[in-house]
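Presented below is the structure to which this report refers.
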Amino acid sequence: MIKLFFVTDIHGSNVCYRKFLNALPIYGVDVAILLGDLTGKVLVPLVEKTSSSWECTLMGQHVDVETQEDLAAVKKTIENAGYYWVHQTRDEFEATRDDPAKIDALFKELVLARVQEWLDLADERLEGEPFQMFMAPGNDDWFVIDDMIDAAKLIKPCDLRNVDLDGHEMITCSYSNPTPWQTPRELPEDELTTKLDDLCQLVQKQETAIYNFHVPPYGYSLDLCPKLDENLVMAAEEKIHAGSLGAKQVIEKYQPLLGLHGHIHESRGAQKAGRTLLINPGSEYSEGILKGVIIMLDKKKVKDYVFTSG
Amino acid sequence: MWDAFGVGFMNQGLTPSIVVMTSLGVGVYTGGNMIVAVLLSVLLAGVGFPLVWGILGGSMPRSGGEYIYNSRIINPVIGIAESFGNAFVWIMWIYVLAPWVADPGLAMLAQFTGWDSLASFTTQTWGVFAVATIANIVAFLFVVFGIKIFARVQKIVMVVGIGGCIVICIVLSMYSKQDFINSWNTMAAEAGSLPYNEFLIAVEEVAGESMPSTWNWFDSLGVMVAASWLFAYSYCITFIAGEVKRPDKTIMFSNLFAILVPGAFALWTAIALYNIADFNFLSAAFYADNLDNGAWDIPGYALDFSTNYVGLAHILNPNGFLGVIFALSYIAFGLWWVALSYLAFPRIIFAWGMDRMGPKWFTDINPRWASPVKNHFLCFVLGEAGIAMYVFWTNSPLQGLTVTGLEVVTVFGVTAISALLFPYVKRARGIWEASPYKNWKVLRIPVITIGAVFNIAYLVILFLFFFVMPDLRDFTTAGVIFYACIWALGFVWFYFWKWRNKKTSGIDTSMTYGELPPE
Numbered sequence: 000m001i002k003l004f005f006v007t008d009i010h011g012s013n014v015c016y017r018k019f020l021n022a023l024p025i026y027g028v029d030v031a032i033l034l035g036d037l038t039g040k041v042l043v044p045l046v047e048k049t050s051s052s053w054e055c056t057l058m059g060q061h062v063d064v065e066t067q068e069d070l071a072a073v074k075k076t077i078e079n080a081g082y083y084w085v086h087q088t089r090d091e092f093e094a095t096r097d098d099p100a101k102i103d104a105l106f107k108e109l110v111l112a113r114v115q116e117w118l119d120l121a122d123e124r125l126e127g128e129p130f131q132m133f134m135a136p137g138n139d140d141w142f143v144i145d146d147m148i149d150a151a152k153l154i155k156p157c158d159l160r161n162v163d164l165d166g167h168e169m170i171t172c173s174y175s176n177p178t179p180w181q182t183p184r185e186l187p188e189d190e191l192t193t194k195l196d197d198l199c200q201l202v203q204k205q206e207t208a209i210y211n212f213h214v215p216p217y218g219y220s221l222d223l224c225p226k227l228d229e230n231l232v233m234a235a236e237e238k239i240h241a242g243s244l245g246a247k248q249v250i251e252k253y254q255p256l257l258g259l260h261g262h263i264h265e266s267r268g269a270q271k272a273g274r275t276l277l278i279n280p281g282s283e284y285s286e287g288i289l290k291g292v293i294i295m296l297d298k299k300k301v302k303d304y305v306f307t308s309g
Numbered sequence: 000m001w002d003a004f005g006v007g008f009m010n011q012g013l014t015p016s017i018v019v020m021t022s023l024g025v026g027v028y029t030g031g032n033m034i035v036a037v038l039l040s041v042l043l044a045g046v047g048f049p050l051v052w053g054i055l056g057g058s059m060p061r062s063g064g065e066y067i068y069n070s071r072i073i074n075p076v077i078g079i080a081e082s083f084g085n086a087f088v089w090i091m092w093i094y095v096l097a098p099w100v101a102d103p104g105l106a107m108l109a110q111f112t113g114w115d116s117l118a119s120f121t122t123q124t125w126g127v128f129a130v131a132t133i134a135n136i137v138a139f140l141f142v143v144f145g146i147k148i149f150a151r152v153q154k155i156v157m158v159v160g161i162g163g164c165i166v167i168c169i170v171l172s173m174y175s176k177q178d179f180i181n182s183w184n185t186m187a188a189e190a191g192s193l194p195y196n197e198f199l200i201a202v203e204e205v206a207g208e209s210m211p212s213t214w215n216w217f218d219s220l221g222v223m224v225a226a227s228w229l230f231a232y233s234y235c236i237t238f239i240a241g242e243v244k245r246p247d248k249t250i251m252f253s254n255l256f257a258i259l260v261p262g263a264f265a266l267w268t269a270i271a272l273y274n275i276a277d278f279n280f281l282s283a284a285f286y287a288d289n290l291d292n293g294a295w296d297i298p299g300y301a302l303d304f305s306t307n308y309v310g311l312a313h314i315l316n317p318n319g320f321l322g323v324i325f326a327l328s329y330i331a332f333g334l335w336w337v338a339l340s341y342l343a344f345p346r347i348i349f350a351w352g353m354d355r356m357g358p359k360w361f362t363d364i365n366p367r368w369a370s371p372v373k374n375h376f377l378c379f380v381l382g383e384a385g386i387a388m389y390v391f392w393t394n395s396p397l398q399g400l401t402v403t404g405l406e407v408v409t410v411f412g413v414t415a416i417s418a419l420l421f422p423y424v425k426r427a428r429g430i431w432e433a434s435p436y437k438n439w440k441v442l443r444i445p446v447i448t449i450g451a452v453f454n455i456a457y458l459v460i461l462f463l464f465f466f467v468m469p470d471l472r473d474f475t476t477a478g479v480i481f482y483a484c485i486w487a488l489g490f491v492w493f494y495f496w497k498w499r500n501k502k503t504s505g506i507d508t509s510m511t512y513g514e515l516p517p518e
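Protein sequences appear in the order of chains A and B. Under numbering that gives the first Met the number 0, the first residue of the first sequence carries the number 0, and numbering increases by one thereafter. Under numbering that gives the first Met the number 0, the first residue of the second sequence carries the number 0, and numbering increases by one thereafter.
Spelled out as structure tokens, the structure:
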């Protein structure tokens, strides 16, 4: 039997990533899987007021930073929420603010730096430890981070390939069906279905396989999210299914042992699809809470699972 | 914001809650001043509840209510014990309030329209059971098909409920004291009942004391216990905290408005009532309505309806159509209270299931309706069993206040303590650091701490007066034992599931809650 710890959608949160690494010995897991989305979405400029004071807008509020201690605390808050910070003079801030290309370049630089920082931290923490750790991006992540994960010393990449988990074959797909946010790894449903089906063909024993698809299958309880209005604001009264029809099709067709999913943060839960147990551990990365699921896996069945919140 | 306000406001149950404030509040604390009670309640609850529940809900915007806050801030064991109590509370609301749809709800409608057979049916034991069962089924159907249908029906029920309450207030405001006395005497003469002055004397004889002619502070604070139904229940917005737009603002402001609006209506009603009748007469009328068989326990009283505040409005204007509007307002709010239990209870046990503090099916979501259908069925079965028990066995309207007592101790009290501790405890440091309210301070004191102090002050008043309430003395002793048993059951439930998970699958459920090192 192996004990598997699965986490997804930490979106650049430093505290969640550190908690993830710390959880492995505490939970006593054999295999850890950190699926996308790995990178964050918000850049916070810390603009100099004087040589020793700064200001920024954080979570919709104006924040004045007057001491080095406060500065360190604000940076930590930013990093823990999955955001990125940059020091700028007033002139630099105004020049960047008006130039989308500069913002993109700066953002990408900070995102990649944090991914590298995480990979280095994993090398440091996993050295000599008995755990296996797999990592893959999600639809929000740029393609450039794939090479970084591939080049990692101890973390094993798993996106778009079949890897062995102590006798269980695991296939992983970082792509999603189209979203309102036009993220880097989206495919129309027909193309995604083909891609997933091709991936499923790599599996020899479907009955013990794990499908590690970032996007959950359409129509189950793991892909329910609030409907968005025309301004991309959530509506309170209506939930819709946002999963992938392609994922649903291949899961129902091949009936693997286990489906691990993410993408829809608010749909934490587990549900059966025929003989397949589908799980989405959800995400509360912005609150610095690591949501995950521990799964006890026998050779031929899922013995049990428990959701975690740490 | 509108839907969130609707959930909170509808749980304040405007028209029946004003009946509770008058008949169960002034009816017991006869020297209570409703205006003072309302203003003090609005001040304490209006500051405390929105800050406590708004900041907790906005900091942890997940559906499931206070279980999430108390588990994370205080301790998972306290969280489950408190939540266990609250799950009971929501079932108790079904069996206490569904029968109110029959009597006095439908009974009032029948009495105001002269429909004697319906009046007779809805006041008999089997009639109450039948109507309460129908209310339970209808409420179940309103919620089981998901939040979209729930929100649509809620709008209709709100219009009926608020509209009727406005009409009652307008009627009470349109007439003078002399008009009321004349109407009372005319109606009494036609029915062979007691005129205005003789009714007061008859009530005083039954009570064995004179009705006070002016108010006092002690009784006014006592009225706050019953008036709490108007102010303390908007918290159930947090059961849909994960599904509202801008939870950082919506939960707080919808909570505030859900207190201010009932406050305005209660104040309007109180001023209008003091305008149409003498202080001692109102105390007598509400005292009489609070007797076992209502005002008919007063020898010589023979009007078709009892003397709650809706009945007094009917005396001023006995038009049958208006009577239907009055009664429908009461019925709409009563029915919606039952529906709100179906919103809360299934989500509470869903949250337990996610933490493996219950069977796995607690977490089953029906993909078609996006709701925990199995949990709804469980809620229905427990509610129906409770209705049978209440109607055929206990059957006292004051049980409603007993539930409030349990809620004050269990839900509001523990959550207010969570709010007080939130900025300071290590366990929740990460959540507080990420909270959008972290920098909300007055004189360097976190605003949530100030809110918690107001909230606790309000709850202490409620609890003290709940215990000294003469009509509840027996209930209170039994109630304390009852609360202790429910809390003990909560602890047993927690440790049972912890043991079972360890035994059957080797999973240590404490991993579910354990704070992971953040460095």
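We treat Cβ as the ideally placed atom computed from N, Cα and C, and that holds for glycine.
Runs of the alpha helix (DSSP H) lying entirely within the stretch 281-365 of chain B and spanning at least 4 residues, in chain order: 308-315, 319-353. By DSSP's assignment, L223(A) forms a beta bridge with H240(A). Contact residues of the stretch 350-378 of chain B toward chain A are M353, D354, R355, K359, T362, D363, I364, N365, P366, A369 (C-beta to C-beta distance below 8 Å). Ranking A97(B), G412(B), V6(B) by CA distance to the CA of N454(B) puts G412(B) first. Apart from sequence neighbours up to five positions away, the residues of its chain that approach D303(A) with a beta-carbon distance below 6 Å are M295, ordered along the chain. When F4(B), G478(B), L315(B) are compared, the shortest CA-CA separation from M173(B) is found for L315(B). Fewer than three pairs of CB atoms, one per stretch, sit closer than 8 Å, so the stretch 27-41 of chain B makes no contact with the stretch 433-445 of chain B. For A269(A), the closest alpha carbon among the candidates E203(B), G333(B), R355(B), T237(B) is that of R355(B).
Listed by position along chain A, the residues whose Cβ is nearer than 7 Å to that of E518(B) are R17. Here Y389(B) carries a helix assignment [DSSP, helix/strand/coil].
Bounds of the beta strand (DSSP E) holding L259(A) are 257-259. At a C-beta separation below 8 Å, K40(A) has no neighbours in chain B, since its nearest C-beta there lies roughly 15 Å away. The C-alpha of G45(B) is placed about 11 Å away from the C-alpha of G53(B). Look at the beta carbons and you see the stretch 127-138 of chain A touching the stretch 27-39 of chain A: at least three pairs across the two are nearer than 8 Å. For A134(B), no beta strand (DSSP E) run applies; the uninterrupted alpha helix (DSSP H) run containing it begins and ends at 124-143, by DSSP. Secondary structure in the stretch 435-494 of chain B: the alpha helix (DSSP H) runs of 4 residues or longer, each lying completely within the stretch, are 446-467 in chain order. Of all C-beta pairs linking the stretch 68-82 of chain B to the stretch 413-422 of chain B, three or more are shorter than 8 Å, placing the two stretches in contact.
Look at G287(A): its C-beta is under 8 Å from a C-beta on chain B. Close CB contacts of N135(B) within its chain, under the 8 Å cut and outside five residues either way in sequence, are with I93, A97, V337, F379, G382, E383, I386 (chain order).
In this structure, the straight-line span from the alpha carbon of L442(B) to that of R245(B) is close to 27 Å. Judged by DSSP secondary structure, Y284(A) falls outside any beta strand (DSSP E); it is assigned neither H nor E. G7(B) is positioned such that its CB atom lies no closer than 8 Å to that of W228(B). Here A272(A) is bridged, per DSSP, to T275(A). Non-local beta-carbon contacts of F280(B) in its own chain, meaning distances under 6 Å to residues more than five positions away in sequence, involve L199 in chain order.
In this structure I250(A) touches T275(A) by the C-beta definition: roughly 6 Å separates them, less than 8 Å.
Residue pairing by DSSP places M59(B) in no beta bridge whatsoever.
Contact with chain B is found for I25(A), since one of that chain's Cβ atoms lies less than 8 Å from the residue's Cβ.
Contact between the stretch 63-75 of chain A and the stretch 1-11 of chain A is absent: fewer than 3 CB-CB pairs across the two stretches fall below 8 Å. Counting only residues of its own chain and dropping the five nearest sequence neighbours on each side, L70(A) has a CB closer than 6 Å to the CB of V64.
For T56(A), there are no neighbours in chain B by C-beta distance under 9 Å, as the nearest C-beta there is about 12 Å away.
Take the alpha-carbon of N79(A) and the one of I161(B): they are about 46 Å apart.
Interface criterion not met: the Cβ of T213(B) is under 8 Å from no Cβ in chain A.
Residue-level contact by beta carbon holds for A80(A) and chain B, with a gap shorter than 8 Å. Interface flag for M295(A) against chain B is set, since a Cβ pair is found closer than 8 Å. Interface flag for S504(B) against chain A is set, since a Cβ pair is found closer than 8 Å. Interface with chain B (8 Å Cβ-Cβ cutoff): K299(A) is excluded.
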